[in-house]
Structures are given as C-alpha cells and as structure tokens.
Amino acid sequence: MQSDEPVSDRASEPAPPPRSALLWPSLLGVGIVAMAPFWGSVALPSLEGALGREGLRSALTVLVLAAGVALLVLAVRRIRERRAMRFGLLAVALSLVVLQALTTGRDEAAVERVHFVLYGGVALLLVRALSRSFGLLSLPLAMVGAAAVGIADEWVQWLTPVRVGDVFDVGLNLYAAFCGALVGAAIHPPRRRLSQAAARRARRLLAVATALFVLTLAGFLHCAHLGHRIVDPAVGSFNSFFTADQLVRLNERRAEEWGGLVPGPLRALEVEDYFRTEAAWHVLERNRARNRSPVDHEVAWREDRILELYYPTFRELRRADGTPHYRIPDAEWQELAARFPDREPGYVSGADNGRIWIRPTPPQLWTVAVALALTLLLYARSQRTGAAE
171 MQSDEPVSDR ASEPAPPPRS ALLWPSLLGV GIVAMAPFWG SVALPSLEGA LGREGLRSAL
231 TVLVLAAGVA LLVLAVRRIR ERRAMRFGLL AVALSLVVLQ ALTTGRDEAA VERVHFVLYG
291 GVALLLVRAL SRSFGLLSLP LAMVGAAAVG IADEWVQWLT PVRVGDVFDV GLNLYAAFCG
351 ALVGAAIHPP RRRLSQAAAR RARRLLAVAT ALFVLTLAGF LHCAHLGHRI VDPAVGSFNS
411 FFTADQLVRL NERRAEEWGG LVPGPLRALE VEDYFRTEAA WHVLERNRAR NRSPVDHEVA
471 WREDRILELY YPTFRELRRA DGTPHYRIPD AEWQELAARF PDREPGYVSG ADNGRIWIRP
531 TPPQLWTVAV ALALTLLLYA RSQRTGAAE
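Letter by letter, the sequence shown follows residues 171 to 559 of this note's numbering.
Have a look at this one:
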C-alpha cells in the first residue's frame with residue numbers, strides 16, 4: 171500500500187505510478203461520463219420523486235458534509251509532518267468550497283454539490299496516484315486530468331437532448347478539481363524534490379497533457395457554443411448554430427420527418443436535434459413575454475416572427491387531434507401584427523440565453539488553440555532533448 175508520508179525528500183528517480191493507483195480515478199471518471207445522459211433524466215427526477223425537492227437538496231447537502239467530515243477525519247489521522255502547510259491547504263480548499271456555495275443560486279446548488287464531490291474526488295485520487303512520481307507537478311496534472319473528464323462529461327451532455335453541455339460547467343468542474351487537488355496534496359503530500367530526469371519527465375507529461383486538453387476544449391467550444399448571427403430587417407437579429415440557408419434545408423427535412431405532428435418525447439440515448447432545440451427556445455422566449463405582467467407585446471411578436479420565418483415547420487406542428495401546438499391564437503396574432511410592423515431591425519433576440527457565441531469565429535478559435543498546443547508540444551520536445559543531453 172502507498173505510504174501517506176514522504177520517506178525522504180532527497181532528489182531521486184521515483185518509479186512511475188503503478189497502474190493500480192490510477193485505477194480508482196479512471197473508474198470514477200468513466201462512471202461520471204457514462205452517467206451523464208441519465209443523471210438529469212433518470213437519477214435526479216427519481217430521487218426528487220422519492221424525496222421531494224427539499225428532501226433531495228437536504229440529502230445532497232448531507233452527502234457533501236459527510237464527504238467533508240470523512241476527509242477531515244482522514245487528514246487528522248494521517249497528517250504528522252509539515253502540519254502547518256498541510257492544514258493550511260485544507261483550510262484554503264474549505265474556504266473555496268464555502269465561497270462557491272455562498273455564490274450559487276438555490277436551484278443550482280444541488281447539482282453543483284454533486285459536481286464538487288465527483289470532480290474533487292477525481293483530482294484527489296489523481297494527486298494520490300501521481301504525487302510520488304511527479305512531485306508538485308502532480309497538482310496541475312491532476313487538474314488537467316479532472317478537467318478532461320469534465321469536458322467529456324459536458325460533451326456527452328451536449329450530444330443528448332435531456333442535458334445541457336456548457337463550457338461554464340467545465341469551469342465549475344475545474345474549480346472543484348482545484349479544491350480536490352489541494353485536499354489531495356494535504357493528505358498525500360507531493361515529493362518536494364525530484365531528480366533532473368524525473369522533473370523533465372513530469373514537465374514533458376504536463377505539457378503534452380495540457381496541449382491535448384487545449385485542443386479538446388477548442389473542439390468542445392466549436393461544437394457547443396460557436397454559431398452565427400442572423401440579421402433580418404423583418405425581425406431584427408438572433409443567434410443560431412445554423413446559417414439562414416441551413417435553416418431552410420432543415421425546415422424541409424423536418425417537415426418530411428415529422429409529417430406536421432409534434433415529434434415524440436426526448437429520450438436520454440439519442441442525439442439532440444438543435445433545430446428543434448432552437449425553435450423551442452424561441453417559443454419559450456415568446457411565451458415568457460406573453461405571460462409577463464404587463465405583457466411584453468413587442469418581444470412576443472418578434473419571437474413569433476422569427477418562428478414564422480425561420481422555424482415554420484416547428485411553429486405549425488399540430489397535436490394528434492389536429493389542434494395547433496405552438497401557434498398563438500389568430501386574434502392575438504392579428505393584434506400584434508397591427509401593433510408592430512416589420513422593418514424595425516433594432517430587436518436582438520435573447521432566446522439562446524448566451525449559449526451561442528458569435529466571437530471568437532472558428533478560425534480565430536483554432537488559430538489560438540493550435541498555436542498554444544504547438545508551443546506546449548515544442549516545450550515538451552525541449553524537455554526530451556534536455557534529457558538526451
């Protein structure tokens with residue numbers, strides 16, 4: 171079993187981490203990604219149905235507190251040397267967790283507590299596995315590893331229609347990984363000095379891992395966030411993952427596939443149809459405006475015009491009994507049409523809620539990502555050259 175205290179800090183050539191040490195963080199990472207399609211559609215609804223919303227929040231809070239108490243007990247039992255530094259790391263990690271908890275909205279808190287336990291756990295286990303072989307560089311290595319799991323998790327969520335894959339959640343995962351790495355360093359302190367060969371190997375591995383992470387993050391940003399601004403004098407402007415021409419073709423294709431009827435319910439194991447998703451965003455934005463007090467007639471009209479001109483197949487869908495599902499009543503439509511004529515291009519739709527980015531453009535994103543990755547790989551090569559010399 172791996173010792174928890176450093177036997178010596180003499181500069182030496184440590185052995186690579188055993189495969190068994192990497193087993194647990196690997197299994198946890200695979201489990202997180204495998205559960206991504208089911209967490210929001212199966213696990214949370216089932217737990218909420220059994221416990222109630224408040225009961226679920228309380229249960230997750232107890233889970234986080236239990237994990238924190240267990241780590242504290244483990245730390246008190248195992249920290250024998252460098253006590254001030256190691257308890258200081260625990261205090262910093264705890265402060266960051268409390269700060270995040272205080273700045274999180276109530277509705278988001280339950281899921282984000284789970285994020286902290288899972289991604290903090292991945293980073294902690296990686297520090298434990300890598301600390302003897304890679305010294306202090308085990309902390310950034312653990313964070314890169316946990317962040318890679320986070321991108322895989324969010325990418326799977328982006329692919330499935332019942333979850334939302336978002337780069338801001340990748341940031342939350344990285345924040346949790348940082349806290350977990352601090353706790354890992356407190357409980358399993360990294361070797362402070364490595365031989366020159368071991369230090370070069372650690373720097374080389376970190377540079378290569380970071381380069382791969384940068385390229386993976388760029389790929390995720392390209393898929394999950396980059397889009398187009400569509401400007402039309404009749405409605406103003408809105409953001410879309412598709413160009414105007416692509417929306418025309420998608421309308422034709424969905425008309426054939428759906429046959430004018432509302433498609434079936436979303437399922438966890440299917441690829442998300444972002445044409446359907448975008449159209450639903452505009453319906454939601456329109457209906458919010460209609461339900462405000464007082465009613466925001468202009469937003470309701472502009473959003474309905476966007477649906478009419480760019481998502482007509484979705485807007486005209488009917489239920490099995492033939493009644494319209496997404497159209498507003500004709501009398502309301504005529505009233506809005508008389509009140510708000512076209513050719514007022516100042517309206518900017520907020521239906522996407524910031525999900526779709528116009529900047530950076532794909533060439534800008536990939537230029538920066540590839541340049542950064544190449545710089546890191548050249549640095550990794552220089553470390554190999556130094557080892558050969």
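By construction, the Cβ of each residue, glycine as well, lies at the ideal position given by its N, Cα and C atoms.
What's the C-alpha gap between residue i and residue j?
i      : j      : result
Leu197 : Met205 : 12 Å
Ala271 : Leu364 : 37 Å
Val395 : Tyr345 : Reading the sequence as shown, one finds His at residue 395 and not Val. The straight-line gap from Cα to Cα measures roughly 21 Å.
Gly430 : Tyr481 : 13 Å
Asn457 : Arg509 : 18 Å
His467 : Leu294 : 52 Å
Ala450 : Leu264 : 40 Å
Val246 : Val297 : 18 Å
Arg423 : Leu382 : 37 Å
Glu175 : Ala316 : Low confidence applies here, because Glu175 scores a pLDDT of 45, under 50, leaving its location unreliable; read the following figure in that light. One C-alpha to the other measures close to 24 Å.
Arg488 : Pro331 : 21 Å
Val177 : Tyr444 : Low confidence applies here, because Val177 scores a pLDDT of 42, under 50, leaving its location unreliable and the question unanswered by this model.
Phe348 : Gly341 : 11 Å
Val267 : Ile528 : 33 Å
Arg551 : Leu309 : 22 Å
Gln553 : Leu288 : 33 Å
Ala318 : Val200 : 11 Å
Trp328 : Val432 : 22 Å
His495 : Thr483 : 12 Å
Trp194 : Ala299 : 9 Å
Leu544 : Ser190 : 32 Å
Gly335 : Val453 : 21 Å
Leu542 : His392 : 16 Å
Pro464 : Glu473 : 17 Å
Gly492 : Asp500 : 16 Å
Tyr517 : Val405 : 7 Å
Val384 : Arg497 : 44 Å
Arg437 : Ala369 : 48 Å
Ala377 : Pro403 : 49 Å
Trp325 : Arg333 : 10 Å
Thr447 : Ala322 : 21 Å
Following the continuous alpha helix (DSSP H) through residue i, name the residue where it begins and the one where it ends.
i      : result
Gly397 : Careful: Gly397 lies outside any alpha helix (DSSP H) and carries neither H nor E.
Ser265 : Arg253 to Leu272
Gly199 : Arg189 to Phe208
Phe510 : Where Phe510 is concerned, there is no enclosing alpha helix (DSSP H), given that its DSSP letter is neither H nor E.
Leu364 : Segment: none, Leu364 is in no alpha helix (DSSP H) and carries neither H nor E.
Asp466 : It is not in any alpha helix (DSSP H) - Asp466 carries neither H nor E in the DSSP assignment.
Ile357 : Val337 to Ile357
Asp323 : Ser308 to Leu329
Asp491 : Taken as a continuous stretch (DSSP letters only), Asp491 belongs to no alpha helix (DSSP H), as it is neither H nor E.
Asp415 : Ala414 to Trp428
Between which two residues does the beta strand (DSSP E) carrying residue i extend?
i      : result
Ser519 : Unbroken run through Ser519: none, as it is neither H nor E.
Gly406 : Gly406 to Ser410
Name the one or two DSSP bridge partners that residue i has.
i      : result
Leu402 : Residue identity differs from the one stated: residue 402 is Asp in this sequence, not Leu. Its beta-bridge partners are Gly406.
Trp527 : Leu396
Leu385 : Bridge partners of Leu385: none, in fact.
Leu431 : Arg488
Between the stretch 300-319 and the stretch 356-374, do at least 3 Cβ pairs fall closer than 8 Å? Yes: at least three Cβ pairs fall under 8 Å.
Pairing CB atoms from the stretch 384-400 with CB atoms from the stretch 531-542, are three or more of them under 8 Å? Output reads yes: the stretch 531-542 touches the stretch 384-400.
Stretch-stretch touch, CB-based, cutoff 8 Å, three pairs: the stretch 519-531 with the stretch 398-413: Yes, they touch.
Decide if the stretch 254-263 is in contact with the stretch 350-358; the criterion is three or more beta carbon pairs, one per stretch, under 8 Å apart. The count of Cβ pairs closer than 8 Å, one atom from the stretch 254-263 and one from the stretch 350-358, reaches three, so the stretches are in contact.
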